[in-house]
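Chemist:
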Amino acid sequence: MTDNKDNTSMSQNSVTSSGNNQVEYSEDSTIYTYLGMKGKRLHHAISFIAGMGFLLFGYDQGVMGSLLTLPTFRETFVEIDTTRYPERATFQGLVVAIYEIGCLAGALYTMYIGDKIGRRKTIFIGCIIMIIGAIIQAASFSVSQLIVGRIVTGVGNGMNTATVPVWQSECAKTKDRGKLVMLQGALITGGICISYWIDFGFFFIKNNSVSWRFPIAFQIIFPCFILPFILKLPESPRWLLKNGDSDEASRVFSSLDEVPINDPTIIYEVNEISESLEKERNDVTNTSKLGLLLVQGETKNFHRLCLAVWSQIMQQITGINLITYYAGTIFEKYIGMSPLNSRILAAANGTEYFLVSWIAFYTIESYGRRKLMLFGAAGQAFSMAILTGTTWAASPKNNNNGTCGIVAAVFLFVFNTFFAIGWLGMTWLYPAEITPLNIRAASNGLSTAANWSFNFMVVMITPIAFESIDYYTYTIFAVINLLMVPTVYYIYPETAGRSLEEMDKIFELSNTSTPWDVVKIARELPFESQTREQDIEKIVVEHVPKTV
18 MTDNKDNTSM SQNSVTSSGN NQVEYSEDST IYTYLGMKGK RLHHAISFIA GMGFLLFGYD
78 QGVMGSLLTL PTFRETFVEI DTTRYPERAT FQGLVVAIYE IGCLAGALYT MYIGDKIGRR
138 KTIFIGCIIM IIGAIIQAAS FSVSQLIVGR IVTGVGNGMN TATVPVWQSE CAKTKDRGKL
198 VMLQGALITG GICISYWIDF GFFFIKNNSV SWRFPIAFQI IFPCFILPFI LKLPESPRWL
258 LKNGDSDEAS RVFSSLDEVP INDPTIIYEV NEISESLEKE RNDVTNTSKL GLLLVQGETK
318 NFHRLCLAVW SQIMQQITGI NLITYYAGTI FEKYIGMSPL NSRILAAANG TEYFLVSWIA
378 FYTIESYGRR KLMLFGAAGQ AFSMAILTGT TWAASPKNNN NGTCGIVAAV FLFVFNTFFA
438 IGWLGMTWLY PAEITPLNIR AASNGLSTAA NWSFNFMVVM ITPIAFESID YYTYTIFAVI
498 NLLMVPTVYY IYPETAGRSL EEMDKIFELS NTSTPWDVVK IARELPFESQ TREQDIEKIV
558 VEHVPKTV
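Every position in the sequence shown, counted from 1, becomes a number in this note's numbering once 17 is added.
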């Protein structure tokens, strides 16, 4: 609920509702606020809280990689010590990757509770669960306890990663939506960067388990920033309309747009979303939650679900988490660097990753989603191909070719650069942009679950692949990245500059039997911004009383 409102009107009336959540003009000219904020300040507050969620996500992704080879960690968890027992690589991969199973469970759970309790409460619960999981991990004295802690932490993170991008997208203005979610992508790398440097700092603490317990426990700081504020910030106005609360949705739009609640633009936004919701309801009456995802109908739900799910899968099979989780191990064990230099390079890799991720923030709206994804996939394929040859020449079994080792290290940085620009934040933005409101939470939950499933697969098989096929591991990812280029070019429509409701219209015009025509429709259909002023003028004429 709103906490207060500007004294621009003495009227106590809110925007009046009619059937189907349609709103009409009222005398109330209040500009509502949340935590005393409105407009840009409120958008910044939402971005800050969402950013904390993704900093937490990134930190959790990066923290384990350099801990695996610490003497005190290996002594505590002998069962996953591959330094002395290489044959335990499979179990090590399982323990590291079991976190993704928790994330998968959390994302799937969001499919069922996300639309019932709302975006903010889902994030709140996710943060509480992550704190519990972090405490269990940091206090671990056995592998079984560590596994339980990683699963619990994963459940909370799965809930957050399935919900935060949706909440951010549904509160953002069309022109800012891409930038704001790319900001979250940059903060993922910020979290990874922080984890690498904390791991590096505690590397110098010898013969004390604090060297790994503190880095794991440190993640608790991030949800502590989220919990006091998340429930006091606005709920997604689209979720409110979906649940029949057009009055509160109008107040949220008033605060986000910093305009009076009876402004014609508020009436236009609420009515447009309500009409889109009504069309979705009529298209899939008496259908279960799962059934909604599988129905094509006029709104092309299944087509859009497939695009969302496959975009998340593609992000993971690029091979990014081969580097994120095992950077320190790769530098030390497979390129032949010293433990100290390996950790310095891993931390520098995370820092570079964070810095280049800001490129997407500044280019996402000007170049669009498709061009960045195509650029990233092509560059990633090239980087993996180079890594195949250089890691072969640089490996200890091939006499540690120093020059090739340097080139291999450089191309781990280069790969991160292409990924940060093209794919890092994109798959947290794109699924929320292309799915209709009535299945958005469920679709995002399922697509996020797909992300974590393939994340688990990559993290699980990486130690095994390196032990079995060595440098050919990079060849597999080079081929996969190359195949992603035509996939994006032919079947993924551009969403830049489009409102979430415009994407509904684009898919409605597409043909079920030729799903690739949606790319052409998105390219040729006039932008809503070209016709919106006329529609708002019509609302003014029809609803706003004329003064004599």
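Where a beta carbon is used, it is the ideal one built from N, C-alpha and C, also for glycine.
Expressed to the nearest angstrom, what Euclidean distance is found between the alpha-carbon atoms of Ser359 and Ala179?
Modeler: One C-alpha to the other measures close to 33 Å.
Chemist: Given a cut-off of 9 Å on the beta-carbon distance, is the pair Leu566 and Gly75 in contact?
Modeler: The first residue shown for the chain is 18 and the last is 565, placing residue 566 beyond what the model contains.
Chemist: Between the alpha carbons of Glu525 and Tyr488, how many angstroms are there, rounded?
Modeler: 46 Å
Chemist: Taking a contact to mean a Cβ-Cβ separation below 9 Å, would you say Thr346 touches Thr86 in this structure?
Modeler: With a cutoff of 9 Å on beta-carbon distance, Thr346 and Thr86 are scored as near each other.
Chemist: Would you please state the rounded distance, in angstroms, between the beta carbons of Asp132 and Ala466? I believe it to be under 8 Å.
Modeler: That pair is no contact at about 16 Å.
Chemist: Could you check the C-alpha separation between Ser159 and Phe392 for me, to the nearest Å?
Modeler: 44 Å
Chemist: Ignore the nearest five residues each way along the sequence and tell me which others in Tyr506's own chain have a CB closer than 7 Å to its CB.
Modeler: Leu391
Chemist: Three or more beta-carbon pairs under 8 Å between the stretch 381 to 400 and the stretch 417 to 432, yes or no?
Modeler: yes
Chemist: Relative to the C-alpha of Thr407, which candidate in Phe348, Ser383 and Arg387 has its C-alpha closest?
Modeler: Comparing Cα-Cα distances from Thr407 to each of Phe348, Ser383 and Arg387, the minimum goes to Phe348.
Chemist: Can you confirm whether the stretch 234 to 254 touches the stretch 144 to 159 when touching is taken to mean that 3 or more C-beta pairs between the two stretches lie within less than 8 Å?
Modeler: yes
Chemist: Hey, out of Phe270, Phe231, Arg194 and Pro182, whose CA is closest to Thr380's CA?
Modeler: Arg194
Chemist: Near Ile66, which residues of its chain fall below 7 Å by C-beta distance, leaving aside the five closest residues on each side in sequence?
Modeler: Spatial neighbours of Ile66 in its own chain (CB-CB distance under 7 Å, excluding positions within 5 residues in sequence) are listed in chain order as Ile243, Phe246, Ile247 and Leu250.
Chemist: Tell me Thr531's beta-bridge partners as DSSP assigns them.
Modeler: Asn528
Chemist: Using the three-state DSSP reduction, which class does Ile115 fall into: helix, strand or coil?
Modeler: Ile115: helix per DSSP, three-state reduction.
Chemist: Of all the options Ser228, Phe71 and Thr50, which has the alpha carbon lying nearest to the alpha carbon of Cys144?
Modeler: A check of alpha carbon separations from Cys144 across Ser228, Phe71 and Thr50 identifies Phe71 as the nearest.
Chemist: Ignore the nearest five residues each way along the sequence and tell me which others in Ala106's own chain have a CB closer than 7 Å to its CB.
Modeler: Result list for Ala106: Thr99, Pro480, Ile481 and Glu484, in chain order.
Chemist: From Ala344, Val476, His60 and Gln333, pick the residue whose C-alpha is nearest to that of Tyr213; which is it?
Modeler: Checking every option, the nearest Cα to that of Tyr213 belongs to Ala344.
Chemist: Could you tell me which uninterrupted alpha helix (DSSP H) segments, each at least 4 residues in length, are contained entirely in the stretch 252 to 328, listed from first to last along the chain?
Modeler: 254 to 259, 263 to 274, 281 to 300 and 306 to 311
Chemist: Could you name the residues of the same chain whose beta carbon sits closer than 8 Å to that of Ile376, not counting the 5 residues immediately before and after it, in chain order?
Modeler: Ala437 and Ile438
Chemist: In whole angstroms, what separates the C-alpha of Glu382 from that of Thr191?
Modeler: 10 Å
Chemist: List the endpoints of the continuous alpha helix (DSSP H) containing Tyr342.
Modeler: Ile337 to Thr346
Chemist: Which residues in the same chain have their Cβ closer than 7 Å to the Cβ of Ser516, if we skip the five residues on either side of it in sequence?
Modeler: Thr191 and Glu545
Chemist: Three-state secondary structure (DSSP) at Glu484?
Modeler: Reduced to three states, the DSSP call for Glu484 is helix.
Chemist: Considering only the alpha carbon of each residue, which of Leu454, Ile97 and Met176 lies closest to Ser161?
Modeler: Ile97
Chemist: Does DSSP classify Val32 as helix, strand or coil?
Modeler: Model confidence at Val32 stands at a pLDDT of 46, short of 50, so the residue's coordinates are unreliable and nothing is read from them.
Chemist: Can you tell me whether DSSP reads Asp98 as helix, strand or coil?
Modeler: coil
Chemist: Using only alpha-carbon positions, find the residue among Ser271, Ile290, Tyr51 and Ala122 that is nearest to Asn455.
Modeler: Ile290
Chemist: When the Cα of Gln332 is compared with those of Asp521, Tyr51 and Phe473, which residue comes out closest?
Modeler: Phe473
Chemist: Name the residue from Asn498, Lys522 and Asp77 whose alpha carbon lies nearest to the alpha carbon of Phe231.
Modeler: Asp77
Chemist: Put Val502 into one of helix, strand or coil per three-state DSSP.
Modeler: helix
Chemist: From which residue to which residue does the alpha helix (DSSP H) around Ala155 run?
Modeler: Per DSSP, the continuous alpha helix (DSSP H) segment holding Ala155 begins and ends at Arg136 to Ala155.
Chemist: Whose C-alpha, out of Trp409, Pro182 and Cys421, is nearest the C-alpha of Gly442?
Modeler: Pro182
Chemist: Would you call Glu265 buried or exposed, if buried means 16 or more other Cβ atoms sit within 10 Å of its Cβ?
Modeler: buried
Chemist: Using a Cβ-Cβ cutoff of less than 6 Å, which residues in the same chain neighbour Ser460 once the five nearest sequence positions on both sides are dropped?
Modeler: Leu322, Ala325 and Thr452
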